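**Q** Quick one: the structure is below, questions incoming.
2 protein chains.
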Amino acid sequence: MAKAVKETESNHTGPCDKFIRTGDSDCQHCSLRQFALFAELGDAEMRHLTADICSGVLRRDSLIYSAGDPGAGVFTIRVGLVKLVMETPDRRGRIVRLLGRGATLGLEVLTGRPYDHTALTLRTTSLCRIPIPTVDVLHSHNPRLVLGLMSKWHEQVRWADRWLTDLGSGAVPQRLANLVRLLVEISGDSPEAVHLPPAADIASILGVSQESVSRHLAELKRAGLLRRVGPRIYRCAPELTDATADGELPRVAPIRSC
Amino acid sequence: MAKAVKETESNHTGPCDKFIRTGDSDCQHCSLRQFALFAELGDAEMRHLTADICSGVLRRDSLIYSAGDPGAGVFTIRVGLVKLVMETPDRRGRIVRLLGRGATLGLEVLTGRPYDHTALTLRTTSLCRIPIPTVDVLHSHNPRLVLGLMSKWHEQVRWADRWLTDLGSGAVPQRLANLVRLLVEISGDSPEAVHLPPAADIASILGVSQESVSRHLAELKRAGLLRRVGPRIYRCAPELTDATADGELPRVAPIRSC
DNA sequence: CGGATAGTTGACAGGAGTCAAGGTATGTGG
DNA sequence: CCACATACCTTGACTCCTGTCAACTATCCG
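Line by line, the protein sequences are chains E and X. Per the working numbering, the first sequence starts with residue 138, numbered consecutively. Per the working numbering, the second sequence starts with residue 138, numbered consecutively.
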């Protein structure tokens, strides 16, 4: 059983504020244990080494940490969705990654440097925070943890590469479709009920204008590939999540003004 | 002193073919030691543990490894420039990263998986190959090596993120300017003599058409921001490598037909 | 119910992709 | 050292797409 991560609703700037309830961090029985950093640890080790791990729930649009903050620890997502925003000279920022259940945020602080990105929740999200010293102690007790750590790094790099190839070029409708597929994978949403981020965020992800996003989303809806089933929740046709992987988006007459 | 990495000019498909001469891998006195994986090792350890490290020189356009190849080892670049190409459904591939002096390629094989990318040289390049077991032994002898490994991973992620933000969106001339800056950083070329990759590669990096690249490069030349000083070698004006970081490319009358 | 925020749509201009043709360099063999 | 073949690069014409600006509408939240 572990402490909660600061329950104060204090100021807006600190990491981990806006926690709306305390979670228990019983790492030993956590359903994520196989995915998280501790996949390689035995029960006995777990009990002693995870005492400093905190957990909590943040509501939508909460700040987890800001780029440049001194590193306090790494975070594991129990459930939810997080965006990593990289500052750009034009002040608008750019979303460089989305992270969902089982993913690890802020690994860069393990190299002794501050956070690279600003991390914000895209929906209600439950997180665990693991202080840097705890990670250090953990892998000095169990060298096999290094493999887990490297896998987490590898995961980041693979997402980054896929982000680039799937979302970085090509026709906008295609990239939108690829984004929906990625969202299904990352968030764990069912294709029957994908939760789309606000249009402005989608624009920041794809590197296009918000209006362009809006237009093409409308087109996908008209084509019947996407159907609204709730506030920001969409059901997507199988063609959207399957066939789109390799090139051609199902051809639909581009209904201009109807 | 170490073995050379297979000097055979054998077939075109294997990794490490086309080595044109044997390099010595005297890691202990390598000028890259501070940058490479062994920054943390003492002299004594170095001597015993680096015996299996091979080195060699590859000429331009040589294959280092292919995506999906079973991982044989990681590579460190002594001097040169390497592109990582990710396969795409449209068969054209996309360049997702450039790596220069001191960088490490193929870290992903340390997680037990095959290579993620196809790695090709963009110019004559000198590499060291470190077999996976050697890395494993190295960090079981010296846990501090883990920090070096994580720094290398971090480096990959930071380049990936910067690639996305600097080259992934915005006006093409701006992205070209950003690419030139990145090239200067990565390759170590002087701004007085930057070696530009073929236009097709630049197109693959920026995710635009080759014609677009050609047109905008021509414009930069006309504007005096880029001047050809040799085959594929360009001298770039300070405005190109400095001011372009934060937004506006120096305004030059767009000389249409002159 | 009402204000604020987020999303939608139209008109227009400039930019980028595509296809196709012509030009230049590179480096190989004589 | 020169000539030639082959890549590589450049340019033009045209269409379609995307960004921008601006007005309008829907949705969310108190």
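Glycine included, C-beta positions come from ideal geometry on N, C-alpha and C. Just so you know, these numbers come straight off a predicted model, no measurement behind them.
Does the beta carbon of Arg352/E come closer than 8 Å to any beta carbon on chain X?
**A** no
**Q** Smallest Cα separation from Leu333/E: which of Leu259/E, Gly205/E, Leu221/E?
**A** Leu259/E
**Q** Just the chain E side, please: which residues come within less than 7 Å of Met223/X by C-beta, in chain order?
**A** At a C-beta separation below 7 Å, Met223/X has these neighbours in chain E: Asp298, Thr302.
**Q** Quick one: using the 10 Å Cβ neighbour count with 16 as the cut-off for buried, is Gly193/X buried or exposed?
**A** buried
**Q** Of the choices Leu244/X, His185/X, Ile214/X, Ser199/X, whose alpha-carbon is the least far from that of Pro207/X?
**A** Leu244/X
**Q** If we ignore side chains and look at the alpha-carbon of each, how far apart do Val345/E and Pro310/E end up?
**A** 11 Å
**Q** When Cβ atoms are compared, which residues of the segment 226-254 of chain E fall closer than 7 Å to chain X?
**A** Pro226, Asp227, Arg231, Val233, Glu245, Leu247, Thr248, Asp253
**Q** Rounding to the nearest angstrom, what Cα-Cα distance links Arg158/X and Thr262/X in this structure?
**A** Reliability fails at Arg158/X, whose pLDDT of 45 lies under 50, so the model's placement of it is uncertain and the value that follows must be treated cautiously. The straight-line gap separating the alpha-carbon atoms of Arg158/X and Thr262/X is approximately 11 Å.
**Q** Indicate the three-state DSSP secondary structure (helix, strand or coil) for His254/X in the structure shown.
**A** His254/X: coil per DSSP, three-state reduction.
**Q** Should Ser351/E go down as buried or exposed, given a rule of 16 or more other Cβ atoms within 10 Å for buried?
**A** exposed
**Q** For the segment 265-296 of chain X, which residues have a CB atom closer than 8 Å to at least one CB atom of chain E, in sequence order?
**A** His276, Ser277, Pro280, Val283, Leu284, Leu286, Met287, Ser288, Trp290, His291, Gln293, Val294, Arg295
**Q** Output needed in chain order: residues of the segment 337-351 of chain X with a Cβ under 9 Å from some Cβ in chain E.
**A** Leu343, Gly344, Val345
**Q** Which of the three DSSP states is assigned to Pro268/X in this structure?
**A** strand
**Q** Excluding five sequence neighbours on each side, which residues of the same chain lie with their C-beta closer than 6 Å to the C-beta of Phe212/X?
**A** Leu242, Gly243, Leu264, Arg266
**Q** In angstroms, rounded to a whole number, what distance separates the CA positions of Ile339/X and Leu275/E?
**A** 44 Å
**Q** What is the C-beta distance between Arg372/X and Glu322/X, in whole angstroms, given that I count them as a contact (C-beta under 8 Å)?
**A** Actually they are not in contact, since the Cβ atoms of Arg372/X and Glu322/X sit about 17 Å apart, beyond 8 Å.
**Q** Nearest-angstrom Cα distance between Arg365/E and Leu313/X?
**A** 40 Å
**Q** Can you tell me whether Ser327/E is buried or exposed? The criterion is at least 16 other CB atoms within 10 Å of its CB, across all chains shown.
**A** Burial call: exposed.
**Q** On the DSSP bridge assignment, give the partners of Cys191/X in chain order.
**A** In the DSSP assignment, Cys191/X is bridged to Arg266/X.
**Q** If I follow the unbroken alpha helix (DSSP H) through Leu400/X, where does it start and stop?
**A** Chain X is shown from 138 up to 395; residue 400/X falls before or after that span and cannot be answered.
**Q** Measure the alpha-carbon distance for Ala374/X versus Gly325/X and round it to whole angstroms.
**A** 17 Å
**Q** Return the bridge partner residues of Gly237/X from the DSSP annotation.
**A** Leu218/X
**Q** For Gly217/X and chain E, any beta-carbon pair shorter than 8 Å?
**A** no
**Q** Please list, in chain order, the chain X residues whose beta carbon lies closer than 8 Å to that of Gly305/E.
**A** Those are Arg231, Leu301, Gly305, Gly344, listed as they occur along chain X.
**Q** Rounded C-beta distance between Ile190/E and Cys164/E? I'm assuming under 8 Å.
**A** 6 Å
**Q** How is Leu377/E classed by DSSP in three states: helix, strand or coil?
**A** helix
**Q** With C-beta atoms as the reference, is Thr378/X less than 8 Å away from Val317/X?
**A** yes
**Q** For Glu292/E, which residues of its own chain have a beta-carbon under 6 Å away from its beta-carbon, when the five flanking residues on both sides are left out?
**A** none
**Q** What number of angstroms, rounded off, separates the C-alpha of Leu363/X from the C-alpha of Leu354/X?
**A** 8 Å
**Q** Here's a check: name, in chain order, each residue in its chain whose Cβ is nearer than 8 Å to the Cβ of Arg299/X, leaving out the five neighbours to either side.
**A** Leu319
**Q** With 16 other CB atoms within 10 Å as the buried threshold, where does His112/E fall?
**A** Residue 112/E is absent from the model: chain E starts at 138 and stops at 395.
**Q** Would you decide whether Ala337/E is buried or exposed? Buried here means 16 or more other CB atoms lie within 10 Å of its CB.
**A** exposed
**Q** Evaluate Arg425/X with the Cβ neighbour count: other Cβ atoms within 10 Å of its Cβ, from every protein chain shown; 16 or more gives buried, anything less gives exposed.
**A** Here chain X covers residues 138 to 395 and nothing more, so residue 425/X does not appear.
**Q** Taking 8 Å as the CB-CB limit, is Arg388/X close to chain E?
**A** Confidence in Arg388/X is poor, its pLDDT being 48 and thus under 50, which makes the residue's placement unreliable; the coordinate value appears in the next sentence. Under the Cβ criterion of 8 Å, Arg388/X is not counted among the residues facing chain E.
**Q** Can you tell me the Cα-Cα spacing of Asp253/E and Pro268/E, whole angstroms?
**A** 17 Å
**Q** From Ser341/X to Asp198/E, what does the alpha carbon distance come to, in whole angstroms?
**A** 35 Å
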